[in-house]
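Here the structure comes first, spelled out in structure tokens, and everything after it is commentary.
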Amino acid sequence: MAHHDSVRNALRTLIRGAPGLKALVVDRDTAATLGLVEPYSQLMSEEVCHVEVLVAQPAGARQLLHLHAIVLVRPTEQNVALLCAELAAPRFRDYQLCFANVLRRLAVEQLAEADVHERVVSLRESFLDFLPLRKSLVSLGDPLGSLDRAVDGVLALMVMRRRIPQVRYDRNSAACRNLAERLAVKFDQESSLFQDGTSDAMNAGTGIVGSRAPLLLILDRVEDPVTPLLNQWTYEAMIHELLGIQNNTVSLKGSMDVKDEFEQVVLDAESDEFFARNMFSNFGDLGANLKELVDNFSSQRPDAQGHVRDLDDMLRLVEELPEFRRSSSNVTKHVLLTSELSRRVDSGSLLRVSQLEQDLACRESEAEHRKQVLQICSAPGIALKDKVRVVLLFALRYEQSPTCNLSELKIALQRAAAGSASEDVAFVDLVSGIRRYAGAAKRHGDVFSNRSFLAKAATSMRRGIHGIENIYTQHEPLLAQTLDDLLRARLSYETYPVIYEGSGGALHASGSFSGASAQTLGSARGAALSGPPPRADAHTDRVVPRDIVVMMVGGCCYEEYRTVSGINGVAGAVMVESGHTASAAQVARSLQAHVVLASSHVLNSSMFLEQVRRVAQQ
Numbered sequence: 005m006a007h008h009d010s011v012r013n014a015l016r017t018l019i020r021g022a023p024g025l026k027a028l029v030v031d032r033d034t035a036a037t038l039g040l041v042e043p044y045s046q047l048m049s050e051e052v053c054h055v056e057v058l059v060a061q062p063a064g065a066r067q068l069l070h071l072h073a074i075v076l077v078r079p080t081e082q083n084v085a086l087l088c089a090e091l092a093a094p095r096f097r098d099y100q101l102c103f104a105n106v107l108r109r110l111a112v113e114q115l116a117e118a119d120v121h122e123r124v125v126s127l128r129e130s131f132l133d134f135l136p137l138r139k140s141l142v143s144l145g146d147p148l149g150s151l152d153r154a155v156d157g158v159l160a161l162m163v164m165r166r167r168i169p170q171v172r173y174d175r176n177s178a179a180c181r182n183l184a185e186r187l188a189v190k191f192d193q194e195s196s197l198f199q200d201g202t203s204d205a206m207n208a209g210t211g212i213v214g215s216r217a218p219l220l221l222i223l224d225r226v227e228d229p230v231t232p233l234l235n236q237w238t239y240e241a242m243i244h245e246l247l248g249i250q251n252n253t254v255s256l257k258g259s260m261d262v263k264d265e266f267e268q269v270v271l272d273a274e275s276d277e278f279f280a281r282n283m284f285s286n287f288g289d290l291g292a293n294l295k296e297l298v299d300n301f302s303s304q305r306p307d308a309q310g311h312v313r314d315l316d317d318m319l320r321l322v323e324e325l326p327e328f329r330r331s332s333s334n335v336t337k338h339v340l341l342t343s344e345l346s347r348r349v350d351s352g353s354l355l356r357v358s359q360l361e362q363d364l365a366c367r368e369s370e371a372e373h374r375k376q377v378l379q380i381c382s383a384p385g386i387a388l389k390d391k392v393r394v395v396l397l398f399a400l401r402y403e404q405s406p407t408c409n410l411s412e413l414k415i416a417l418q419r420a421a422a423g424s425a426s427e428d429v430a431f432v433d434l435v436s437g438i439r440r441y442a443g444a445a446k447r448h449g450d451v452f453s454n455r456s457f458l459a460k461a462a463t464s465m466r467r468g469i470h471g472i473e474n475i476y477t478q479h480e481p482l483l484a485q486t487l488d489d490l491l492r493a494r495l496s497y498e499t500y501p502v503i504y505e506g507s508g509g510a511l512h513a514s515g516s517f518s519g520a521s522a523q524t525l526g527s528a529r530g531a532a533l534s535g536p537p538p539r540a541d542a543h544t545d546r547v548v549p550r551d552i553v554v555m556m557v558g559g560c561c562y563e564e565y566r567t568v569s570g571i572n573g574v575a576g577a578v579m580v581e582s583g584h585t586a587s588a589a590q591v592a593r594s595l596q597a598h599v600v601l602a603s604s605h606v607l608n609s610s611m612f613l614e615q616v617r618r619v620a621q622q
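Its first residue numbered 5, the sequence shown is counted upward by one per residue in my numbering.
The following block contains the structure:
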């Protein structure tokens, strides 16, 4: 069952457990989770007639004694304190308390002491402490990357899946190790929350055994700084890159002459068939599919037939036919979104910029690329941020080249930045900052496939023999190769050691934990990893997991979600038929394996640049 469905079912069970008219009390985090899975109309059908956020109430606050309160909040100290104050002066008839994660014993005692009026009728834990954005995509809604928040969110996710996982992590990353260590302790402490039971299946062709024992693989954004720097050309990823998606909601306020009803639009694959079918479509196919949809509707109007040729005609149809908006709000939404994307692509010369980005990501040609980057830097009509991104890609790809002198490129950027806003000018300094954040010394992976002759040859063969269907979507995230190696039982246990054995509950690390006391995952980057790595000799078999959760420290991207969807067999998600995604999908299909991508938040290039700036300044 998808996480979206699991969370919805848990919420409905909670709500239906209270009799009569109800009030729902939430916090900021649980409100976001609720908004992703349950429309307000459904809440009303369950007799929820009042929803509020848990806050401190003023003296003499209005009494709502005719309502049964269902409280769904995270078990933070602040929320517990607010609930204690609420129970001391209760406003509702009674209270069902539900916490979205593990509630400490001290908090239980505090709540019991505060309930002097004996209004609490139940107290439970429901592990809803994450945002189920898509069927195989989970966010924690935490752009700052708090270590405590990551531990809580991943624990809730794994409890929802009901099986305690084996844990592997990137040993090159102190942030990954800190999270892995904390989770290993947490899984042992909360082992009673999980159920055991596994079964295996063998692929007769490869001899690889697919194990039902789940795997939690913890990776670091630092290993692939390329993916979040690229412009995107598939529908969902493109919307996030150019407009921004916040908890499946897109703001069109200030875009063209958008009517009030469409200033905020929702992208929900569960209820929007067009979006579900086209979220991974490239921009060219999207336009054709949208035109077909509009044609089907306009064919019902004799006065509109034969007049829909392009996006401008689609917009005119939307404006001139009010019943179109009323009966086809989803179609109208996608016409508006696609038109705004097209406008931004044209105004920013993004096709030109993106072609160079993809070439930098996928091909080695230093002299040619330097010339093209300088041309982009001096070109009018291209945003400074886009110029910075191509320079960063050049700096990363040719960092170890003896002829990679960035002085000329920095000067070109400084000229381009003249007269720009101060916050934009600050991004020019990221040319040095990107190497401190994710330079070659920080990475062990081959993100550009250029660290060996064989890797370079393989890239050239894929480009030369099989060709690329779309030059704007030829790049594959490093995650595709990592998952391909994992599913083919060749992911190095030396590089990605096991720190926790899953249902066995044993630590697989030599020595003791380092404490993982940093306040944020990002602050752990660059710290030395003391002690020898965990032993790998116990893992030389051909057993691979069929239930995989990837936790990406530092944020994931919608392009990576497309990769995961392709591996899971979602139609249209595989862009490079000769690439690692297609290879991993083949094995996943034979093993009936499934991958879920989780992260603190979903990045676009602007968010990533800000993240690099913040980390580089530490």
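For each residue, glycine too, the CB sits at the ideal point set by N, CA and C.
Who are residue i's beta bridge partners in DSSP?
i              : result
aspartate 551  : His598
alanine 27     : His54 and Ala73
cysteine 561   : Leu607
asparagine 286 : Thr238
arginine 138   : Leu141
Exposed or buried, what is residue i when buried is set at 16 or more other beta-carbons lying within 10 Å of its beta-carbon?
i             : result
alanine 422   : exposed
threonine 407 : exposed
alanine 22    : buried
proline 62    : exposed
lysine 257    : exposed
threonine 486 : buried
serine 456    : Per-residue confidence for serine 456 stands at a pLDDT of 42, beneath the threshold of 50, marking its modelled position as unreliable; the derived number appears in the next sentence. Result: exposed.
leucine 110   : exposed
glutamate 227 : buried
alanine 459   : Residue confidence for alanine 459 is low, a pLDDT of 44 falling below 50, so the modelled location carries little weight; the figure read from the coordinates is stated next. With fewer than 16 Cβ atoms within 10 Å of its Cβ, alanine 459 is classed as exposed.
aspartate 33  : buried
proline 481   : buried
glutamine 596 : exposed
glutamate 185 : buried
histidine 512 : Note that histidine 512 scores a pLDDT of 46, beneath 50, so its modelled location is shaky; the value from the coordinates is reported in the next line. Histidine 512 is buried by the Cβ-count criterion.
glycine 519   : Note that glycine 519 has pLDDT 38, beneath the 50 cutoff, so the model's placement of it is unreliable and the number below is only indicative. Burial call: exposed.
proline 648   : Coverage of the chain is limited to positions 5 through 622, which leaves residue 648 absent and any answer about it impossible.
arginine 175  : buried
asparagine 13 : exposed
glutamine 148 : According to the sequence shown, residue 148 is leucine rather than glutamine. The residue in question, leucine 148, is exposed, as its Cβ has fewer than 16 Cβ neighbours within 10 Å.
aspartate 146 : buried
With distances taken Cα to Cα, identify the nearest neighbour of residue i among the options.
i             : options                           : result
lysine 391    : Gln615, Arg367, Ala577 and Gln359 : Gln359
threonine 477 : Val432, His8, Asp192 and Tyr239   : Tyr239
leucine 290   : Ile243, Lys263, Leu354 and Ser255 : Ile243
aspartate 31  : Ala60, Thr342, Glu563 and Glu277  : Ala60
leucine 141   : Ser610, Val619, Leu601 and Val606 : Leu601
aspartate 261 : Leu197, Glu344, Ser333 and Arg186 : Glu344
leucine 115   : Glu90, Val106 and Arg138          : Glu90
leucine 400   : Gln379, Ile438 and Glu117         : Ile438
leucine 247   : Tyr441, Ser346, Glu194 and Arg281 : Ser346
threonine 70  : Leu87, Glu56, Val52 and Arg97     : Threonine is not the amino acid found at residue 70; the sequence shown has histidine there. Here the closest residue by C-alpha is Arg97.
proline 218   : Asp551, Val120, Arg78 and Val55   : Asp551
proline 94    : Leu68, Leu107 and Leu132          : Leu68
serine 259    : Leu220, Thr342, Val189 and Glu274 : Thr342
Would you mind giving the Cβ-Cβ distance between residue i and residue j, rounded to the nearest angstrom? I have them listed as a contact below 8 angstroms.
i              : j              : result
aspartate 428  : leucine 388    : 5 angstroms
valine 171     : tyrosine 504   : 4 angstroms
isoleucine 74  : leucine 18     : 6 angstroms
glutamate 563  : threonine 231  : 6 angstroms
isoleucine 168 : methionine 555 : At roughly 15 angstroms, the Cβ-Cβ gap does not stay under 8 angstroms, so isoleucine 168 and methionine 555 are not in contact.
Between which two residues does the beta strand (DSSP E) holding residue i run?
i              : result
histidine 72   : 68-77
arginine 128   : 124-129
glutamine 100  : 96-103
isoleucine 222 : 219-224
glutamate 1    : Given a span of 5 to 622 for the chain in the structure shown, any question on residue 1 remains unanswerable.
valine 1       : Nothing can be reported for residue 1: it is not among the residues displayed for the chain, which extend from 5 to 622.
threonine 253  : 253-255
valine 574     : Run containing valine 574: none; DSSP gives neither H nor E here.
Can you tell me where the alpha helix (DSSP H) holding residue i begins and where it ends?
i             : result
glutamate 245 : 239-246
aspartate 390 : 388-401
arginine 374  : 370-382
glutamate 480 : Neither: glutamate 480 is in no alpha helix (DSSP H) and is coded neither H nor E.
arginine 440  : 434-442
glutamine 418 : 411-421
glutamate 505 : Taken as a continuous stretch (DSSP letters only), glutamate 505 belongs to no alpha helix (DSSP H), being part of the beta strand (DSSP E) at 502-505.
valine 349    : 333-351
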